[in-house]
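Student:
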Amino acid sequence: MTRRLKNAQLRTLTLDPALKTPLHQQLFLGLRLAILEGRLKPRTRLPSSRALAGELDISRNTVLTAYDQLTAEGYLASRVGAGSFVSDQLPEDLLERKSSAGATSVADRDVYLSKMAAPFKNQKLKEQYRGLPFSPGLPALEEFPFDDWARLLARHWRRPKREYLVGNPVGGARILREALASHLGQTRAVRCHADQVIILSGSQQAIHLVVRAFAEPGDAVWMEEPGYPGIHDSIIAAGAKPVSVPVDSEGFRLDKAIELEPAARLACISPSHQYPLGQTMSLARRLALLAWAKTNGRFILEDDYDSEYRYAGRPLSSLQGLDDDNRVLYVGTMSKVMFSGLRVGYMVVPEDLVDVFLALRRNIDSHSPSVPEAALADFISEGYLAAHIRRMRLLYERRQECLVELIKTKLHGIVEIEPQESGMHIVGFLPPHLFDKKIEKAAAENGMLVRALSAFYNQPTDQNGIILGFAGTPEKEMPQLVDKLANIIRNL
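If you count by my numbering, then the sequence shown holds residues 17 to 508, one letter each, in order.
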C-alpha cells in the first residue's frame, strides 16, 4: 500500500513498502527532491519526527534516520527546541531545479574551451562497433589460448607479490619491460634495454605523449595521408598543426613533406605496414627520413601497426633498429596479437628521454595494472605469444585468400582488390559513382563493420574504397557476409 503525505507542500511525497529501497531512503529522496525543486522553501519548518511518522504510518526511527541524513548533507538545519528547517544554504554543487520551459539547452550554451579542446566541441564520436564481421584490426578471438592465459593470471593472483598490490612503477612492471625488450629485439630488431620500455594503456596513449612532448601549440607535425585518425586527433589536441603528407608505393614521401612544411617538429609514420593502404616504406626512404631527423634535430614516431603478420618473407625490421642517433620513438600494442580488452600498449624511447616520458605518463595515469602485466610477461617469456603469432599468421593468410577470392568473384568489375603482403585487413577500391561512406553506413545497419577509405584522408580526395578486416572473421562465415555486402553495394 502506497503512503501519501497530506501536508500541501509535501502532497507528492509517497512511500511504498513493496519497493526494495528502504523506507528511510525513500523518505530522504522524496524530501530532498522537494527541497531541490523549491516546493520546500528555505527556512520552512518540517513536521516533527513523531508527527510525520504518524501521518505516514511508519516508525519514528525511519523519520529520524531520513532527517539525520538530510541534515548531514546540508539540506536541513536543526534548532534545539524548534525542530528541523530547510537550510538557507544548500550544498554548493546542487542548485534549485528549474522547469524545462525557458531553460537554455546544454547543447546550445556558450562554453569557453581551450584551443586544444575546442575542435572537439561539435564532433560526434562514432559508435565503436567492436567485434562485428570485417572489423579492421580485430584478431581471431576464438583462437586465443585463454586456458593458458587464465592459468598465468591465476598463478599471480593466487599468491600476489606485495608490490603488485600496492601499485606498479610508472613505467610498468619490470618483468614485463624486460620481456618486451627481449621480444622486440628478436622479432622487430628493436635496439633497447628494459628501462627504455614504457608500458601504457594502448598505442593511442603513446601517440598522445609523443606529440605532447615535441610539439608546441602551432607547431607543424607531419602525418601520413591517408593515415590513422588517432594521430590526427592527438596533434589537434596538443594545439599543433597536422600536415598531411601523401604516401605512394614506397610509403611516406619525405620530398613532399619538406615541400609542404619544412619546419615540422615531428614525423608520425607507420613504415612497416602503412595504415590503411598497407605499403612498406622502402629502405632508401627510411634512411632518408632518419638523415632528416639527425640533421635537423627532429624526432620520428614509428607506429609499428600489426607488423607481426607478414605473409611474404620474414617480417621487416623496425625503423628504430636502423636509427644510430636516437631519433625514433617506437610505439606498439598487444591488441592485435592478443585482444584489445587487455589494454596494453608500449613505447620504446631514447635513453636520454626516459625520465621525460615517465613524468609525462605519471601526469595522466600514475601506473598500470600490475598483475595482468606480470601474467603477460610470463606469456611472452614462456613462448606462448610467439607460438600464437605463428599460428595466427597461417590462419590469417588463409582467411585473406578466402576473402579476396570471394570479393573478386561476387563483386567482379565493381571492387578492385588484391591481397596484402602483411597485416589484418585489405583495401577494396571503388568506382567514382559509389560512395564509400554510404557503404560503411549501410553495412553497419546490416551488422558489419566496413570502413570507408575516404574517412582516413584529412584533405579532400577522390579516393574511394572500403577497408575490410579478415583476421577476426571465420572463413565459413565469409560467403554469406560477402553476399550481404555485395547486395548492399549493388543496390546503392
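Glycine included, each C-beta is placed from N, C-alpha and C at the ideal position.
Predicted, not measured: the structure shown is a model, and the values here were computed from it.
Compute the Euclidean distance between the alpha carbons of PRO509 and ALA471, then round it to the nearest angstrom.
Tutor: Given a span of 17 to 508 for the chain in the structure shown, any question on residue 509 remains unanswerable.
Student: With respect to the beta strand (DSSP E) encompassing ARG95, which residues constitute its N-terminal and C-terminal limits?
Tutor: From DSSP, the beta strand (DSSP E) with ARG95 extends over 92-95.
Student: Kindly list the residues whose CB is nearer than 6 Å to the CB of LEU111, restricted to its own chain and excluding five residues on each side of it in sequence; keep chain order.
Tutor: Residue confidence is low: LEU111 scores 48 on pLDDT, short of 50, so the model does not pin down where it sits. Its coordinate-derived value is still stated next. Cβ neighbours of LEU111 beyond the five flanking positions: none.
Student: Applying the 10 Å Cβ sphere with the 16-neighbour rule, what's the burial state of LYS492?
Tutor: Answer is exposed; the Cβ neighbour count stays below 16.
Student: Using only the heavy atoms of the ligand NAP, determine whether one of them is closer than 8 Å to the beta carbon of LEU47.
Tutor: The ligand NAP is not part of the structure shown, which contains no ligands of any sort.
Student: Could you give the first and the last residue of the continuous alpha helix (DSSP H) run that contains LYS454?
Tutor: Note, LYS454: alpha helix (DSSP H), 452-461.
Student: Would you kindly work out how many angstroms separate the C-alpha atoms of HIS434 and GLY444, rounded to a whole number?
Tutor: Per the sequence shown, residue 434 should be read as Glu rather than His. About 8 Å.
Student: In this structure, does DSSP put LEU39 in helix, strand or coil?
Tutor: Helix at LEU39.
Student: Taking DSSP as the reference, what is the three-state secondary structure of LYS257?
Tutor: Residue state, collapsed to three classes: strand.
Student: If you check the beta carbons only, do ALA93 and LEU47 fall under 9 Å apart?
Tutor: It is not a contact, given that the beta carbons lie outside the stated cut-off.
Student: Using the Cα positions of ARG407 and GLN436, report the straight-line distance between them to the nearest angstrom.
Tutor: So the alpha carbons of these two residues sit roughly 18 Å apart.
Student: Anyone know if the C-beta pair for ILE442 and VAL420 falls short of 9 Å?
Tutor: Yes, Cβ-Cβ distance for ILE442 and VAL420 is below 9 Å.
Student: Within 8 Å, do at least three Cβ pairs link the stretch 333-351 to the stretch 410-425?
Tutor: Contact fails: fewer than three Cβ-Cβ distances are below 8 Å.
Student: I think GLN42 touches LEU31, with their Cβ atoms under 8 Å apart; what is that distance to the nearest whole Å?
Tutor: Indeed, because the Cβ distance is near 5 Å, the residues count as touching under 8 Å.
Student: Could you check if ASP463 is buried or exposed, using at least 16 other CB atoms within 10 Å of its CB as the buried criterion?
Tutor: Sequence check: residue 463 is Gly here, not Asp. Exposed.
Student: Count the C-beta pairs between the stretch 272-290 and the stretch 318-329 that are closer than 8 Å, then say yes if the count reaches three, no if not.
Tutor: With the cut-off at 8 Å, the stretch 272-290 and the stretch 318-329 touch.
Student: DSSP puts SER100 in a beta bridge; with which residues?
Tutor: In the DSSP output, where bridge partners are listed per residue, SER100 has SER94.
Student: On a CA-only basis, which of MET297, ARG76 and GLY183 is nearest ASP264? Give me that one, please.
Tutor: Nearest C-alpha to ASP264: MET297.
Student: How would you call GLU324, buried or exposed, if buried means at least 16 neighbouring beta carbons within 10 angstroms?
Tutor: GLU324 comes out buried.
Student: Give a yes or no on contact between the stretch 238-245 and the stretch 288-308, applying the rule of three or more CB pairs nearer than 8 Å.
Tutor: Segments in contact, yes.
Student: Within the continuous beta strand (DSSP E) that includes CYS418, where are the two ends?
Tutor: No beta strand (DSSP E) contains CYS418, which is instead part of the alpha helix (DSSP H) from 400-426.
Student: Can you give me the C-alpha to C-alpha distance between LEU358 and ALA210, rounded to a whole angstrom?
Tutor: So the alpha carbons of these two residues sit roughly 21 Å apart.
Student: Which of helix, strand or coil does DSSP assign to GLN353?
Tutor: Looking at the sequence itself, residue 353 is Val, so the reference to Gln does not match. Note: VAL353 maps to coil in three-state DSSP.
Student: Just to confirm my understanding: we take PHE355, look at its own chain, exclude 5 residues before and 5 after, and list those with CB closer than 7 Å. What are they?
Tutor: So the qualifying residues of the chain are PRO155, LEU157 and PHE160.
Student: With a floor of 3 residues, list each beta strand (DSSP E) that falls wholly inside the stretch 159-219, ordered by position along the chain.
Tutor: If we require 3 residues or more, the beta strand (DSSP E) runs fully inside the stretch 159-219 come out as 213-216.
Student: Bridge partners for PRO262 per DSSP, in chain order?
Tutor: PRO262 pairs with GLU241.
Student: Suppose the cutoff is 7 Å on Cβ atoms and the five residues either side in sequence are ignored; what does the same chain contact list for HIS383 look like?
Tutor: Cβ neighbours of HIS383 beyond the five flanking positions: GLY183, ASN184, PRO185 and VAL186.
Student: Whose C-beta lies closer than 6 Å to the C-beta of ALA230 among residues of the same chain, with five residues either side of it excluded?
Tutor: Per the sequence shown, the amino acid found at residue 230 is Phe instead of Ala. Around PHE230: ARG281, LEU282 and PHE315.
Student: Does the separation of the CB atoms of VAL237 and LEU345 fall below 9 Å?
Tutor: In this structure, LEU345 does not lie closer than 9 Å to VAL237 by Cβ.
Student: Provide the residue(s) that pair with ALA236 in DSSP beta bridges, ordered along the chain.
Tutor: DSSP output for ALA236 lists LYS257 as bridge partner(s).
Student: Tell me whether SER65 sits in a helix, a strand or coil according to DSSP, three-state version.
Tutor: Helix, per DSSP.
Student: Count the other CB atoms, across all protein chains shown, that sit within 10 Å of the CB of ASN480; report buried if there are 16 or more and exposed otherwise.
Tutor: By the 10 Å Cβ count, ASN480 comes out buried.
Student: Name the DSSP beta bridge partners of ALA283, please?
Tutor: DSSP output for ALA283 lists TRP238 and ILE316 as bridge partner(s).
Student: Taking C-beta to C-beta, are ALA133 and ALA256 nearer than 9 Å?
Tutor: Not closer than 9 Å, so no.
Student: Inspect the beta-carbon positions of LYS272 and PRO258 and report whether they are closer than 9 Å.
Tutor: No, they are not a contact pair.
Student: Could you give the C-beta distance for ILE215 and VAL365, rounded to a whole number, given that I count them as a contact under 8 Å?
Tutor: In fact, because the Cβ distance is near 12 Å, the residues do not count as touching under 8 Å.
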